[in-house]
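Using my numbering, the first residue of the sequence shown is number 503, and each one after it goes up by one. For every residue, glycine included, the Cβ atom is placed at its ideal position computed from N, Cα and C. Everything below concerns the one structure shown next.
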Amino acid sequence: MFALKSLSSYLFGNSSKGESIVELPAGALFLVRPDSIKGYSELLYKDAAAYIRRTGQEFQYQLVIQRAYEEGEAELLEEEGGEDEAEAGPGDKDEKTFLLDEELHFRASLNEEGQTVLAWRDLSGDEGDLFEFIADASARPEAAASFTLVAVQCQYERKYRQSHQQATEQDLQEFTFEDEPPIPQASPISSPVRSQTASPSPPISRTPKNARDSSDPDMARLSAKETATPSKQIVQAPTQAPVSRKAPESREGLTNEEAELHLFDFQSGTFILQDQAVQAAVFEVGSWKYWLQITGDKKQWLGQEVVPDINPVFNFEYLSFIFNHYTEDGSAYSWLLKFKDRETEERFQEGLMQALWEHLHQAKWQKAIKDAERDYVLDAFNDLVLEDNADDEREREAAEEDEEDEENYEDAHTGQRGEDYDSDEDEDEVDLGRDEDGNVNSQLAVGARHDRSFVVRGDKIGVFKHTPDNQLEFSTSINKIATPKGKVFAPKKVMLHASDRDMVLQSEHDPNSLYRMDLEYGKVVDEWKVHDDIPVHVYAPENKFAQQTDEQTFLGLSKNALYRIDPRLAGNKLVDSELKQYTSKNEFSAAATTEQGYIAVASNKGDIRMFDRLGINAKTALPALGDPIVGLDVSADGRWVLATTRTYLLLIDSLQKEGKNQGKLGFEKAFAKDSKPQPRRLALTPSHVAQFQHETKQPLSFTTARFNIGEGKEETTIISATGPFIVTWSLKKVLQGRKDPYSIKRYSEEVKADNFRWGSDKNIVVALPNEVDMVARRALQRPTRESIMAPPATPRRSKGRGSYLSKNDIVNSPY
């Protein structure tokens, strides 16, 4: 049995939670009850695949049985299932998971037909009850043997909390359970197929993972053809490595380390070994330009300029580095380097991050940045390690959270029926075309006082009412926005003001002035000249909830100044006594405030400053990672600062946990020089980035990320969007270090703007180029190959949850 031990060493090289280590791609799942009056055996999944996959916690693995469908079968079963299917739990419909623990008594044997049978205890059933997975007759014995071996090694790791590579064959023998009675024979002929197990998910591919190992050439030759079920297999070739670009002439070398090289396969959703020994080098090639070159003994694998779009992620738990590589035609690939030890990965990390930092800052890493700041930068690109919580506790919390979300979804999801902007027009005659002037929706402001959303489209603003049953209802449109002097303009920025009665607008043609629109009147009524020489690049509320009051003042930023604007002043509206101006070019780009009026300011250099009031130096200045910050938000209590860059988000805990300022926020007291907070870098996994760009042919570009907001409401969720994808992060999962903290929903067009409905995180307002939608957060899904590749079709009516909306479900402009 243990002759295939070398193969499992490769299989365990996979580094990401949720990715399978090994699989049997075809079989059937039974529940066998030898002593039960309920019946001897029951066929649960007629067609299924068995996987072993990682969890987010070290030394913990899951056995997963996933139902498979023939083309069209899922839809047919959904129609036949009716209410019975809806009542079935999500886990019973298309997937069952089991924590690989010795208590399962997992074992394998051959049945009378020569098929491999995997059996394990049903811990929630009666004594003697077993789950049995009967592998398809086409499964090769080597594949079944490797699956069983990996299951044994996973149980060893869970029990002894150390790598299976330290185990002897005698150690592993503990988990073979050879003294158990023979596995009872399942009776598939008399077993009914339960309609409750139907799932509306699309057919899944059973393509194997093409496991390779030089010490076992027979296993390396396993192919989809040899392991498939001929009548149902959809055979697709694994992703091939692109042709490598020629490396530019090298100057100074920053790092050169040996590693294994793996390539992400789009079809199977796993990393596949390409070369067991490559040299990964980073070197300077020109003026602040750097190059990553990966070379094997027999070929040049890839060359890539070191830029932020490579999305570097270092995971020291699994000694891995995952990054994206882009070919000249814009195609994206995700690669994984696996290092032999932590010291090797640390040397490589410092060399790569030095290259990226110097490229962004155009300054030398060693001279321009202090040791503590270097650690801050390096920590930001580490994959966060999961806190050592018990598996069952985490899974119970996740189940409770999902159950709560399901209930909220039932309450919230009512179809989100919208209206065309001309309420007198018959629905069948709605024109779904674009404006003749080419304008599209560009900005969104979600109000609180009157439960309205405002969508900017060229020189027009559409007003939408939020109904009690979570629908959008068109109210009116404000056309031909113009200055008090009659000059029509398209607002560049908008902000609700004075209890949502007013809106503050800015024209791109006049950076030194702002305009007040009376929303009840539907017209610009005032022009506010801020300053003759100091422009307004950013403006923000006086405090987190100032827009819901009659507060008149608000904040303004130029590229190198921070000040208060008071519209009640005669002449220029800038308050001179509350102006903080810097001589250097700070490139301020975003600002946000807390409920107490503390101020966070970010820049295009990537640094963040925290102030307790205007007119003074910042209490805390966090080092720049280098990527421009395009958006900023702060939790109401000031604890969490959320920054948005083009390719990732940063979540920063401003609460000081040690030292003389323990218990104080970074807004109130400065952090000690050697105790800067560790930033949490919220990013899509490189493999998801590659899949996103494989689908959209566009690079990532996040909209400003925001917390859910509401007075007296705790921040629980973060929202942003990139391309046609809405993305939400669970703050609870992020803080727990969970590896699956975000969910997605794909639209047919680019998401232009997004935000939560005021006072809740359960509903999201989304502005597409020509549509406005309110969607329940529960409609978002975990990012999988299927959800990422969901057809970006024209919104249509569907009985299934989370489906695209029809034209009756959306508000379609033109105004």
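Straight-line spacing of the CA atoms in Ala779 and Glu762 works out to 5 Å. Boundaries of the beta strand (DSSP E) around Ala1145: 1142-1146. Here the alpha carbon of Ser1137 sits roughly 31 Å from the alpha carbon of Lys962. Your pair Ala552 and Phe649 checks out as a contact, with CB atoms roughly 7 Å apart and the cut at 8 Å.
Buried is the label assigned to Gly1128, since at least 16 other Cβ atoms lie within 10 Å of its Cβ.
When the five nearest sequence neighbours on each side are left out, the beta carbons in the same chain lying within less than 8 Å of the beta carbon of His1039 are those of Pro1013, Leu1059, Ser1060, Lys1061, Phe1090, Ser1091, in order along the chain. By the Cβ test, the stretch 1211-1225 is not in contact with the stretch 827-838, since fewer than three Cβ pairs between them sit closer than 8 Å. With respect to Tyr792, Val815 sits apart: the two C-beta atoms are not nearer than 7 Å.
Apart from the 5 residues on each side of it in sequence, Ala1120 sits with its Cβ closer than 8 Å to the Cβ of Val1103, Arg1111, Met1112, Phe1113 in its chain, given in chain order.
Residues of the same chain with a CB within less than 6 Å of the CB of Gly1099, apart from the 5 flanking positions on each side, are Asn1045 in chain order. DSSP, reduced to helix, strand and coil, places Leu1186 outside both helices and strands of the structure shown, so it counts as coil.
In this structure Val745 is exposed. Its beta-carbon is surrounded by fewer than 16 other beta-carbon atoms within 10 angstroms. Selection Ala669, Ser955, Tyr662, Leu651 evaluated against Phe679 yields Leu651 as nearest (Cα-Cα). Put simply, the stretch 542-552 does not touch the stretch 1227-1237. Fewer than three CB pairs are less than 8 Å apart. When the five nearest sequence neighbours on each side are left out, the beta carbons in the same chain lying within less than 7 Å of the beta carbon of Pro1201 are those of Asp811, Gln1195, in order along the chain. Closest in C-alpha terms to Leu1237, from the list Asn1163, Ser1245, Ile1154, comes Ile1154.
Bridge partners of Asp1135 according to DSSP: Leu1144.
A Cβ-Cβ distance of about 5 Å is found for the pair Asn943 and Val957, placing them in contact under the 8 Å criterion. Boundaries cannot be given for Leu606, as no alpha helix (DSSP H) includes it and DSSP labels it neither H nor E. When the Cα atoms are used, Asn1265 and Ser955 turn out to be separated by approximately 13 Å. A direct Cα-to-Cα measurement between Ala783 and Gly755 gives close to 8 Å. The beta carbons of Val619 and Ile554 sit no closer together than 7 Å. With 16 or more other Cβ atoms from the protein chains shown falling within 10 Å of its own Cβ, Asp1256 counts as buried. A distance of 7 Å or more separates the beta carbons of Gln1054 and Ala950. In the DSSP assignment, Met1276 falls within the beta strand (DSSP E) that extends over 1273-1278. Beta bridge pairing from DSSP links Glu634 with Phe532, Ala621.
Bridge partners of Trp1030 according to DSSP: Leu1016.
Apart from sequence neighbours up to five positions away, the residues of its chain that approach Glu1251 with a beta-carbon distance below 7 Å are Pro1226, Leu1270, Pro1271, ordered along the chain. The Cβ atoms of Asp638 and Ala528 sit closer than 7 Å to each other. Residue state for Leu1270 is assigned as coil, using DSSP reduced to three classes. 7 Å or more divides the Cβ of Leu1016 from the Cβ of Met1005. Inter-residue distance for Thr978 and Gly964 is about 6 Å (C-alpha atoms, whole angstroms). Counting C-beta atoms within 10 angstroms of its own C-beta, Pro1181 has 16 or more neighbours from the protein chains shown and is therefore classed as buried. If you look at Tyr553, you'll find it in the beta strand (DSSP E) that goes 543-556.
For Gln1164, the secondary structure class from DSSP, reduced to helix, strand or coil, is coil. The secondary-structure analysis by DSSP pairs Met1005 across a beta bridge with Leu998, Met1019.
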